[in-house]
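Student:
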Amino acid sequence: MVGLEDVPEIVYDAVDYHITLITDDEQDDEQVEFLQRQGFNVTKFYPGLLSAAGQDTIDMLNAADLIIVGRSPNSGDFDGDDKPAWNNLTAPLIINSQWVARSSRINMFNSTNAYHMNDGPAMAYGVVSDPLDPIFDGLTLDGDSLAWCLPPHDFIENADSANNGEFVAVFNETSPLIVRWDAGTEYYPGAGDAPAGPRTYFGFGNDNAGWPNFFPLTKEAKKVYVAEICRMIGLEEVPEMKYAAADFSAILITDDEEDDPQFNWLRKNGVHVEKFYPGLLSAAGQDTIDMLNMAELIIVGRSPNSGDFESPDKEVWNALTPPLIINSQWVARSSRINMFNSTSAYHMNDGPEVAYAVAEMEDDVIFSNVTLVEGDSLPFCLPPHDFIENADSANNGDFVAVFNETSPLIVRWEAGIEYYPGAVDAPAGPRTFFGLGNDNVYASNFFPLTDEGQQVYWNEISRMLGAEMSVVKVSDTDASLASLEYDVAEAILTPEFDSDIMEYTLDLPEGTTEVRLTAIANSEYALSVEGDSTIDVSAGEAITTQIVVTAENGGKWFYAVTV
Numbered sequence: 005m006v007g008l009e010d011v012p013e014i015v016y017d018a019v020d021y022h023i024t025l026i027t028d029d030e031q032d033d034e035q036v037e038f039l040q041r042q043g044f045n046v047t048k049f050y051p052g053l054l055s056a057a058g059q060d061t062i063d064m065l066n067a068a069d070l071i072i073v074g075r076s077p078n079s080g081d082f083d084g085d086d087k088p089a090w091n092n093l094t095a096p097l098i099i100n101s102q103w104v105a106r107s108s109r110i111n112m113f114n115s116t117n118a119y120h121m122n123d124g125p126a127m128a129y130g131v132v133s134d135p136l137d138p139i140f141d142g143l144t145l146d147g148d149s150l151a152w153c154l155p156p157h158d159f160i161e162n163a164d165s166a167n168n169g170e171f172v173a174v175f176n177e178t179s180p181l182i183v184r185w186d187a188g189t190e191y192y193p194g195a196g197d198a199p200a201g202p203r204t205y206f207g208f209g210n211d212n213a214g215w216p217n218f219f220p221l222t223k224e225a226k227k228v229y230v231a232e233i234c235r236m237i238g239l240e241e242v243p244e245m246k247y248a249a250a251d252f253s254a255i256l257i258t259d260d261e262e263d264d265p266q267f268n269w270l271r272k273n274g275v276h277v278e279k280f281y282p283g284l285l286s287a288a289g290q291d292t293i294d295m296l297n298m299a300e301l302i303i304v305g306r307s308p309n310s311g312d313f314e315s316p317d318k319e320v321w322n323a324l325t326p327p328l329i330i331n332s333q334w335v336a337r338s339s340r341i342n343m344f345n346s347t348s349a350y351h352m353n354d355g356p357e358v359a360y361a362v363a364e365m366e367d368d369v370i371f372s373n374v375t376l377v378e379g380d381s382l383p384f385c386l387p388p389h390d391f392i393e394n395a396d397s398a399n400n401g402d403f404v405a406v407f408n409e410t411s412p413l414i415v416r417w418e419a420g421i422e423y424y425p426g427a428v429d430a431p432a433g434p435r436t437f438f439g440l441g442n443d444n445v446y447a448s449n450f451f452p453l454t455d456e457g458q459q460v461y462w463n464e465i466s467r468m469l470g471a472e473m474s475v476v477k478v479s480d481t482d483a484s485l486a487s488l489e490y491d492v493a494e495a496i497l498t499p500e501f502d503s504d505i506m507e508y509t510l511d512l513p514e515g516t517t518e519v520r521l522t523a524i525a526n527s528e529y530a531l532s533v534e535g536d537s538t539i540d541v542s543a544g545e546a547i548t549t550q551i552v553v554t555a556e557n558g559g560k561w562f563y564a565v566t567v
């Protein structure tokens, strides 16, 4: 219409390609979010049994630029009549799940099983058959090896690389990590099955340890994954990688289960986190120091005993080079790590109801995705509280947020910067004090950040990792019961059950010798329900039992039932 004779060469980007990711729940969302972050147009879809799906479903799948069978789907939906339905799809297709790829399902490999490797290695390395393959461009391989994924692992066992597609990378010689097939090529001699379109097996993850391990690829392996996706869809330029905090790993320093609310929160947000406690670090071996120095992020949780961080251990902690966050006020004080020229912290057990943080640096990236109240404040954490007292913001790191003017909540130091004039101590890597919690009441207050506080914490973790900012998935605070059931039909519960009522009486018919109480948490994210049990009432005396529900954030509700 404009009279231009030569149509310009069309330049496509990731957003111009549509990926259909086959998943039946939220457990592959980390991969979905990662691919969307790279610019791809990703839609989640699950057809159920594909053999029973209509032609419109088949047409929709074949119209995709790429289909990815994620890590979560049940492999039982890919056998029998469903296997040929999947193999007959003409669109390029990637399979992540070892269990879907085995011979009793899609039949990519002449191997009936996969295996769980729950206890190691700490990092699975992939051996590359051709380091010059374009999907490895821009990566520095260790000889012919690539750091592949974090533990725990699942692998196909005893696959034959000589007669089974094009093996691009393997683990332990016979466990495939990346394998390709062209359309119409039998998966292996005698398989009887062949794909109608290009196929890649790109395996990772372990479903024996829970969904947080469904996308555990290293950042290098994720780049390879994106490059293989681009190869399959014909996109010449691999997009510049964009990493969020979920693409990194962390070590949470904790010596018990009291930091589990934070541990679970990190896992919920996709961080591949391991709990570890070295004891007295000054007495630890060089292998422990090396392991810690290889970490992408270290977080000293709220629970550890501050006595493990005084001299001579203080010097060893300060000599660690990775980014490190300290949560505990007692660990940060001058008699321990010596971040602040303050000898103590204080318990504020009785309030305020919510502690507000005042931003000293309102325009800092840490306040992304939150709204400051009156321009400089946000609700930070729930009571009870612990605070460092009388820290000098003028001469002590970069104060990002404080409580009550002199109590630091978030403070940063660069590597090599003395904590304060005359401190002598300086960190060998970036440091942040991000204080939270109170250990004078109970462990359930070790991760009491408000929704806004969790977003700010997530932003600081992202900043320290060099990751893009993203919206945090907050911890669930619901510690209520959905129901309180008993197995004696004639029993009478007074008052009638209501999740907000904490005390009940259960009257039993005369002659009853025992009753079984069953308590169900209201939230699927609740960490535990303790105290429901079989109660022996044969003595005829009243017995009171306590039922404790622990929410995902560690908060507890206590119900009492007198039988």
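Sequential numbering from 5 applies to the sequence shown in my numbering. All C-beta atoms, glycine included, are put in the ideal place defined by N, C-alpha and C. Everything numeric in this text was worked out from a predicted model, so none of it was measured.
To the nearest angstrom, how far is the alpha carbon of I370 from that of A89?
Tutor: 49 Å
Student: Mind reading off the beta-carbon distance from N309 to P388? Whole number of angstroms is fine, and I expect it under 8 Å.
Tutor: That belief does not hold up - the Cβ atoms of N309 and P388 are roughly 19 Å apart, past 8 Å.
Student: Can you tell me where the alpha helix (DSSP H) with R467 in it begins and where it stops?
Tutor: D455 to L469
Student: Going straight from the alpha carbon of G196 to that of I237, what length do you get?
Tutor: Cα to Cα, G196 sits roughly 26 Å from I237.
Student: Helix or strand or just coil, what does DSSP make of D141?
Tutor: coil
Student: Hey, would you say A405 sits closer than 9 Å to V460, going by beta carbons?
Tutor: yes
Student: By how many angstroms is the C-alpha of D396 removed from the C-alpha of S348?
Tutor: 14 Å
Student: Of the residues Y247, E161 and L53, which one's Cα is nearest the Cα of G43?
Tutor: Y247
Student: What distance in whole Å lies between the Cβ atoms of G433 and P316, which are believed to be in contact at a cut-off of 8 Å?
Tutor: About 19 Å; that fails the 8 Å criterion.
Student: Can you tell me whether DSSP reads S133 as helix, strand or coil?
Tutor: coil
Student: Would you say P282 faces chain D, with C-beta separation under 9 Å as the test?
Tutor: Given the protein chain composition of this structure (a single chain), no chain D is represented.
Student: Could you give the first and the last residue of the continuous beta strand (DSSP E) run that contains V415?
Tutor: Residues S411 to W417.
Student: Tell whether a beta-carbon distance below 9 Å holds between F206 and F219.
Tutor: no
Student: Under 9 Å, do I72 and I26 count as touching if we go by C-beta distance?
Tutor: It is a contact, given that the beta carbons lie within the stated cut-off.
Student: On a CA-only basis, which of T516, M365 and H351 is nearest L440? Give me that one, please.
Tutor: H351
Student: Rounding to the nearest angstrom, what Cα-Cα distance links L93 and M473 in this structure?
Tutor: 37 Å
Student: Would you report the Cα separation of I14 and L469, rounded to the nearest angstrom?
Tutor: 36 Å
Student: Tell me E45's beta-bridge partners as DSSP assigns them.
Tutor: Reading the sequence as shown, one finds Asn at residue 45 and not Glu. Bridge pairing for N45: H22 [DSSP].
Student: Identify, in the order they occur along the chain, each residue of the same chain with its Cβ nearer than 6 Å to the Cβ of I182, setting aside the five sequence neighbours on each side.
Tutor: For I182, same chain residues with a beta-carbon under 6 Å away, outside a window of 5 residues either side, are V172, A173 and F206 in chain order.
Student: For a minimum of 3 consecutive residues, which ranges assigned as the beta strand (DSSP E) are wholly contained in the segment 285-330?
Tutor: 302-304 and 328-330
Student: In its own chain, which residues sit with a C-beta less than 7 Å from the C-beta of L386, not counting the 5 before and 5 after it?
Tutor: V358, P452 and T454
Student: Can you round the beta-carbon distance between Y490 and R520 to whole angstroms, since I take them to be within the 8 Å contact cut?
Tutor: 7 Å
Student: Ends of the alpha helix (DSSP H) at W104?
Tutor: The identity of residue 104 in the sequence shown is Val, whereas the question assumes Trp. Residues Q102 to A105.
Student: Assign M81 to buried or exposed, taking buried as 16 or more other Cβ atoms, counted over all protein chains shown, within 10 Å of its Cβ.
Tutor: Rather than Met, the amino acid found at residue 81 in this sequence is Asp. So D81 counts as buried.
Student: For the beta strand (DSSP E) containing T549, name the first residue and the last one.
Tutor: Counting along the chain, the unbroken beta strand (DSSP E) around T549 starts and ends at T548 to T554.
Student: Using the C-alpha atoms, what's the distance from D86 back to L53?
Tutor: 6 Å
Student: Throw me the rounded Cβ distance for the A361 and S332 pair, which I believe falls under 8 Å.
Tutor: Actually they do not touch by this definition, with Cβ atoms about 17 Å apart.
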